[in-house]
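Everything below concerns the one structure shown next.
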Amino acid sequence: GQQLNQSPQSMFIQEGEDVSMNCTSSSIFNTWLWYKQDPGEGPVLLIALYKAGELTSNGRLTAQFGITRKDSFLNISASIPSDVGIYFCAGAGGTSYGKLTFGQGTILTVHP
Amino acid sequence: ETGVTQTPRHLVMGMTNKKSLKCEQHLGHNAMYWYKQSAKKPLELMFVYNFKEQTENNSVPSRFSPECPNSSHLFLHLHTLQPEDSALYLCASSQGGGEADTQYFGPGTRLTVL
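Chains as they are written, first to last, in our numbering: chain A, 1 to 112; chain B, 1 to 114.
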């Protein structure tokens, strides 16, 4: 089945630094989603991308839908301690009709 | 965010117990989902309902029984579970009927099977 390769698996950064993470796939998706999950909570949608090449921002977060439709990245600028959590990418559409395929997650730790 | 709610948030049960998890969405969506999230594993899709009809059962053991009485409510009935079923169970909803719907998640139920 489809798989998403998300990297890095974990990041340890200082407050104020910028963060970048990405997901790649062996097959195409029609939608890319980025979620953040805090411990013991459900994933919260951060950004949704619906068009190849699309670049979307949500505050300090910026995400792009790769033009090949097989990849996406998420950038966080000027990180703050509350950015700590697990970030998941998810792809939908293409050959996974009606279902999401999730990346393995990136664990982000921000040191004050 | 109260778009998707789940109760209870925490549940401890014995292997012989019968319990149910409840999910309710207030977003006017038509599709609902159950996921299992175990430690150090990707999210696993369990069941999908579109317009109250089950459209996906991802080879889930019969000790998990879903019920979707209407588009706003989803239940997961549990009986004779195993310790390896301990996990975070997440409910999600989406507009439904689309190829690439955006899914919105509830806070989850942390289940521990003794």
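Where a beta carbon is used, it is the ideal one built from N, C-alpha and C, also for glycine.
None of these values were measured; they are calculated from a predicted model.
Straight-line Cα distance separating residue j from residue i
i, j, result
"B/Ser20", "B/Phe75", "7 Å"
"A/Trp32", "B/Gln82", "35 Å"
"A/Asn30", "A/Glu54", "11 Å"
"A/Lys51", "A/Ser25", "16 Å"
"B/Met15", "A/Ser77", "47 Å"
"B/Glu67", "B/Cys91", "13 Å"
"B/Tyr49", "A/Phe73", "30 Å"
Residue i at chain B interface by Cβ criterion, 8 Å
i, result
"A/Gln64", "no"
"A/Glu41", "yes"
"A/Phe102", "yes"
Residues that DSSP places opposite residue i in a beta bridge
i, result
"B/Phe51", "The partner list for B/Phe51 (beta bridge, DSSP) is empty, contrary to what the question assumes."
"B/Gln25", "B/Val4"
"B/Ala87", "B/Leu111"
"A/Ile13", "A/Val110"
"A/Gly49", "Before going on, a small fix: residue 49 of chain A reads as Leu here, not Gly. Its beta-bridge partners are A/Trp32."
"B/Lys19", "B/Leu78"
"B/Lys36", "B/Glu44, B/Tyr89"
"B/Asn30", "Per DSSP, none; premise fails for B/Asn30."
"B/Asp101", "Looking at the DSSP assignment, B/Asp101 forms no beta bridge with any residue, so it has no partner."
"B/Glu56", "B/Val48"
"B/Pro66", "B/Leu76"
"A/Ala90", "A/Leu33, A/Phe102"
Integer-rounded CB distance, given that residue j should sit under 8 Å from residue i
i, j, result
"B/Glu56", "B/Leu45", "7 Å"
"A/Ala90", "B/Asp101", "Their Cβ separation, rounded to whole angstroms, is 11 Å, which puts A/Ala90 and B/Asp101 out of contact at 8 Å."
"A/Gly16", "A/Ser79", "7 Å"
"B/Leu88", "B/Gly108", "5 Å"
"A/Gln37", "A/Gly103", "So it is not a contact: roughly 12 Å between Cβ atoms."
Within-8 Å CB hit, residue i to chain A
i, result
"B/Phe64", "no"
"B/Leu43", "yes"
"B/Leu78", "no"
"B/Gln103", "yes"
"B/Gly28", "no"
"B/Leu21", "no"
"B/Ala14", "The displayed chain sequence assigns Gly, not Ala, to residue 14 of chain B. Judged by the 8 Å Cβ criterion, B/Gly14 is not in contact with chain A."
"B/Leu11", "no"
"B/Pro8", "no"
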